[in-house]
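In the numbering used here, the protein residues as written are 745 to 1037.
See below:
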């Protein structure tokens, strides 16, 4: 476990180094104004406060190896709950937390595997008859738990969140492939101006653009700009205009709903939908159906 744990921080840091901040989602601006520096600093202060409390929780175990394991795991639980941003209940079971983090693809499969190992060892310490953990094993456990907490803290980057959201949408589209979807193409590089081109069974192409929001939800003016930009970029590739589907994690504002009313009936159509997981796959499928015309 010690060798695996030592590699986790480097792996996550490498992933984050390849993530470019999104052009609008990272420094989201209020309508007609600049992004608030004060609110950003407040967000960092809150994160730092939580991190201090997590660190202090790990350091309170004293010399008892069992306490080291139990307190370290509790710190991992707190870090997972924080990373899920209230998507799960305050007293959610550990297994549910792990599944939610895995489903949101916040961590690599290697890190999730390590989390499962930590959880299993914690359960053995608590419930296993005659299981004795040494001081050295407890120290290795604490180091592994600390690396997981560090990895979860790194995923707070808005750019990282945006990339992971795009990946989740891509795999959601794959899960819907079949009678409705013939193929899905993703661009090479991060500056194509669109995230996926979906070729429907009818032969029609739909351009997909994702936008992950942390504070300010998507407004109609920005949605219009994104639609126009995506359509312009895709036109250069396919030689004509195609329907555009903007997918966001935030609730739709009334001005965006009005935009949908007008643009979804146009030719080619354009629409904004909210998607946050499997429970929203039906909305995604119906939106693709409307794009078929």
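By construction, the Cβ of each residue, glycine as well, lies at the ideal position given by its N, Cα and C atoms. Predicted model only: the values in this text are computed from it and were never measured.
ask   = Taking the DSSP output, what are the residues bridged to residue 951?
value = To locate residue 951, count along the chain shown from 1; it is residue 207. For residue 951, which the question treats as bridged, DSSP gives the partners 941 and 988.
key: Neighbour-count burial assignment, residue 1033, 16 or more Cβ in a 10 Å radius   = Reading the chain shown from its first residue, position 289 is the one you call residue 1033. Exposed: under 16 other Cβ atoms inside 10 Å.
key: Alpha carbon of residue 892 to alpha carbon of residue 1011, nearest angstrom   = What you label residue 892 is simply residue 148 of the chain shown in a count that begins at 1. What you label residue 1011 is simply residue 267 of the chain shown in a count that begins at 1. Taking the straight line joining both Cα atoms gives about 49 angstroms.
message = Applying the 10 Å Cβ sphere with the 16-neighbour rule, what's the burial state of residue 939?
response = Position 195 of the chain shown, counted from the start, is the residue given in the question as residue 939. Buried: at least 16 other Cβ atoms inside 10 Å.
task = Flag this pair as yes or no: are the beta carbons of residue 813 and residue 882 separated by less than 8 angstroms?
result = Reading the chain shown from its first residue, position 69 is the one you call residue 813. Reading the chain shown from its first residue, position 138 is the one you call residue 882. Yes; because the gap between Cβ atoms is below 8 angstroms, this pair is in contact.
ask   = Fully enclosed by the segment 883-925, which alpha helix (DSSP H) runs are 4 residues long or longer?
value = 902-920
key: Bounding residues of the alpha helix (DSSP H) (the contiguous stretch that carries residue 854)   = Taking the chain shown and counting its residues from 1, one reaches residue 854 at position 110. Unbroken alpha helix (DSSP H) run through residue 854: 853-871.
message = Along the chain, where does the beta strand (DSSP E) containing residue 877 start, and where does it finish?
response = The residue labelled residue 877 in the question sits at position 133 within the chain shown. Unbroken run through residue 877: none, as it is neither H nor E.
task = Could you tell me if residue 993 is buried or exposed, where buried requires 16 or more neighbouring beta carbons within 10 angstroms of its beta carbon?
result = Your numbering for residue 993 matches position 249 in the chain shown. Buried, by the Cβ-count rule.
ask   = Going by alpha carbons, who is nearest to residue 837 out of 853, 850 and 818?
value = Stepping through the chain shown from its first residue, residue 837 is reached at position 93. Comparing Cα positions, the closest option is 818.
task = Note down, in chain order, each residue of its chain lying with its Cβ closer than 6 angstroms to the Cβ of residue 863, except the 5 sequence neighbours on either side.
result = For the purposes of this step, residue 863 is taken as the residue at position 119 of the chain shown. Same-chain partners within the cutoff: 838.
query = If we call anything under 8 angstroms between Cβ atoms a contact, is residue 809 one with residue 890?
reply = For the purposes of this step, residue 809 is taken as the residue at position 65 of the chain shown. For the purposes of this step, residue 890 is taken as the residue at position 146 of the chain shown. Contact flag unset, no.
query = For residue 912, which option in 997, 929, 860 and 850 has the closest C-alpha, if you only look at C-alpha atoms?
reply = To locate residue 912, count along the chain shown from 1; it is residue 168. The candidate whose alpha carbon is nearest that of residue 912 is 850.
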